[in-house]
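Residue numbers (the UniProt record's numbering): 1 to 691. Every residue, glycine too, gets a C-beta built ideally from N, C-alpha and C. What follows is a short report on a single structure.
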């Protein structure tokens, strides 16, 4: 008989932890939550101090029964759910179900699933932290009060299946506000003048800076002409040379948010996929004879803090692999971020010695790619800064000044392993200038003026939206991925070229909530609520007060909305064609993924079909059909012939209405990391990339 029972959340963890603890311990999994608020009703007693009504989740009864039987046979029970608010709440529900004293040392937490971490955590059990439980309980009740009051209202006034939530409504607002900014944007004209110069046989680039030592902005072609009039001849004189040594520090280790952002930029992973893979790496991977091992620390964190043990191991690896010059002079201490709970370490590998290369045979392709990203980011964060030699040169012709900038990596430091990506990524490349000194003459080879127009702010990618939510203090690490998933599933937003655009349905719901529940989508209000939840966790305030302060005002808005919110009819637009099956008119309907065509004779006729989007290009294969934009089952856009299945032409790249000048085949637009490039489908013809 096992003396001790340990309850974790997932079976993958159970198997690993049982092996680490030995024969006296029996480890079982609760499979996440066993107890929760009911789905069929609000489950909150508003008149009774917002007391929640908890029930056993449907289908989880047998698991709870099995845990109760195991608990009767155990001398002591340890609750080892995940180390966050939600995990604390799961442990509390288990304690109540299994008659465990919450003030006893029954709670065990660990940040990584490794033998040393697990054994150490069991040396320091603690009581259940009721402040953490209350903070999680308050979040669930707040979300219930919002969702289970506004959602039925939307069903009645708009249509079934809609929902509204605190964080998701703010996310939709950000996307709609950005779209409004783009639509109202007025581009402004500006000009640049770029030149190629020669020092002997060496060529380099410089750009117009100003006149008479002052920087000048060029806003019209007339102003450009004035600059050209002031330049005489082809000779420019080097007026000044500035050389500096600049240090560049590495990015800190990953938080949940920065992991989701970087995985989107570098791996093209959606937030949901990133968290799914990270969960697998955290819970454990089978490593042959070594057994199942957790490869990364807990993936829901807003801290960049790293333990001294992990830093020491990383330093030993860096010195052995790269040399002592790549070591930090003193261990880097990451600053606590504003709004950060700092409850756990950063996301890092549990052992630096498990290199991505050594893990290759045990991981799937996507697991390996994410692990490599986490491993490299952590190693780089513990390495010496990079040193750059920079050079700035001013060239003068009369009073006109052109400026050239160059840089070269003097010492790569952390850049030998990893460089952080950006949403507007440009490659870090050496761009050195010739050896120039004051008084040197250089020759103008070519100078070209270019007209530009200011661009509107970009639409949100998943990475940009997660970053914005985090910076505003909206939501917490565990909420980002579910929020993005929900607003897409509800059909409030859609992804177009990996960027969020609001749907017609999203606009309608946003306007209703803005009119009747303005505080729900007010950023400052939502941030205040998050801070209130943090105060509950810190034991500074009672959770009932936070809920009551919110609900008293919310109830007034709710009563007003019930009386005054008009019913919104989303009318079906005529599609201008008849149904092939029953000859009734087809109409445009709003669905989960936007508009589609359906028979107006529904439900007697259930014929539907997607809206065809032509791109104005003839099919090169059958020469009879037209190329149309289509979507795969995974919602990825591709291009095919409208005569399918008679013609099977297909391209993932967008064809354009121009023939290749080299072989007369079809040209397509190939998406690059930054911009697009026109190239031939058949031969090696390529055009310069366009941003």
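{"Check": "Three-state secondary structure assigned by DSSP to residue 196", "Outcome": "strand"}
{"Check": "Cβ-Cβ separation, residue 442 to residue 395 (assumed contact under 8 angstroms), whole Å", "Outcome": "6 angstroms"}
{"Check": "Cβ neighbour criterion (16 or more within 10 Å) applied to residue 521", "Outcome": "buried"}
{"Check": "Residue range of the unbroken alpha helix (DSSP H) whose run includes residue 557", "Outcome": "543-564"}
{"Check": "Length of the line joining the Cα atoms of residue 371 and residue 481", "Outcome": "19 angstroms"}
{"Check": "Whole runs of the beta strand (DSSP E) within the region 623-670, excluding any shorter than 3 residues", "Outcome": "626-631, 637-641 and 654-659"}
{"Check": "Residue burial classification, residue 478 (beta-carbon count within 10 angstroms, cutoff 16)", "Outcome": "buried"}
{"Check": "Cα-Cα separation, residue 345 to residue 47", "Outcome": "41 angstroms"}
{"Check": "Residue burial classification, residue 373 (beta-carbon count within 10 angstroms, cutoff 16)", "Outcome": "buried"}
{"Check": "7 angstroms Cβ shell around residue 307 - same chain, five flanking residues per side excluded", "Outcome": "345"}
{"Check": "Under 8 angstroms between C-beta atoms of residue 34 and residue 71", "Outcome": "no"}
{"Check": "Buried or exposed by the 16-neighbour rule on C-beta atoms within 10 Å, applied to residue 262", "Outcome": "buried"}
{"Check": "Which of helix, strand or coil DSSP assigns to residue 362", "Outcome": "coil"}
{"Check": "For residue 517, the first and last residue of its enclosing beta strand (DSSP E)", "Outcome": "That residue, residue 517, is in no beta strand (DSSP E); it is neither H nor E in DSSP."}
{"Check": "Meets three-Cβ-pair contact criterion under 8 angstroms: the region 317-326 and the region 358-367", "Outcome": "no"}
{"Check": "Burial state of residue 683, where buried means 16 or more other Cβ atoms lie within 10 Å", "Outcome": "exposed"}
{"Check": "Three-state secondary structure assigned by DSSP to residue 179", "Outcome": "helix"}
{"Check": "Residues bridged to residue 148 [DSSP beta-bridge criterion]", "Outcome": "The partner list for residue 148 (beta bridge, DSSP) is empty, contrary to what the question assumes."}
{"Check": "Exposed unless 16 or more other CB atoms sit within 10 angstroms - verdict on residue 228", "Outcome": "exposed"}
{"Check": "Three-way DSSP call (helix, strand, coil) for residue 681 in this model", "Outcome": "coil"}
{"Check": "For residue 310 and residue 348, believed in contact at Cβ under 8 angstroms, the rounded distance", "Outcome": "6 angstroms"}
{"Check": "Boundaries of the alpha helix (DSSP H) in which residue 85 is found, first to last residue", "Outcome": "85-97"}
{"Check": "Sufficient close CB pairs (3 or more, under 8 angstroms) joining the region 81-92 to the region 20-35", "Outcome": "yes"}
{"Check": "For residue 436 and residue 494, the rounded distance between their alpha carbons", "Outcome": "53 angstroms"}
{"Check": "Residue 557 beta carbon less than 8 angstroms from that of residue 517", "Outcome": "yes"}
{"Check": "Residue from 589, 444 and 458 with nearest C-alpha to residue 196", "Outcome": "444"}
{"Check": "Given 8 angstroms, three or more beta-carbon pairs between the region 7-24 and the region 100-120", "Outcome": "yes"}
{"Check": "Proximal residues to residue 3 (C-beta, below 6 angstroms), its chain only, five neighbours per side dropped", "Outcome": "24 and 75"}
{"Check": "Inter-residue spacing [alpha-carbon to alpha-carbon] between residue 180 and residue 411", "Outcome": "46 angstroms"}
{"Check": "Assigned secondary structure, residue 420 (DSSP; H/G/I helix, E/B strand, else coil)", "Outcome": "coil"}
{"Check": "Sub-8 angstroms separation of residue 465 and residue 174 beta-carbons", "Outcome": "yes"}
{"Check": "Cα-Cα separation, residue 418 to residue 380", "Outcome": "6 angstroms"}
{"Check": "Same chain, Cβ closer than 6 angstroms to residue 269, neighbours up to 5 away in sequence not counted", "Outcome": "263"}
{"Check": "The beta strand (DSSP E) enclosing residue 121, as first and last residue numbers", "Outcome": "Element bounds for residue 121: not the beta strand (DSSP E) but the alpha helix (DSSP H), 115-121."}
{"Check": "Three-state secondary structure (DSSP) of residue 692", "Outcome": "This structure cannot settle anything about residue 692, because the visible part of the chain is limited to 1 through 691."}
{"Check": "Environment of residue 425 [buried if 16+ CB atoms lie within 10 Å]", "Outcome": "Low per-residue confidence applies at residue 425: pLDDT is 46, beneath 50, and the placement is therefore not dependable, though the value from the model is reported in the following sentence. The residue in question, residue 425, is exposed, as its Cβ has fewer than 16 Cβ neighbours within 10 Å."}
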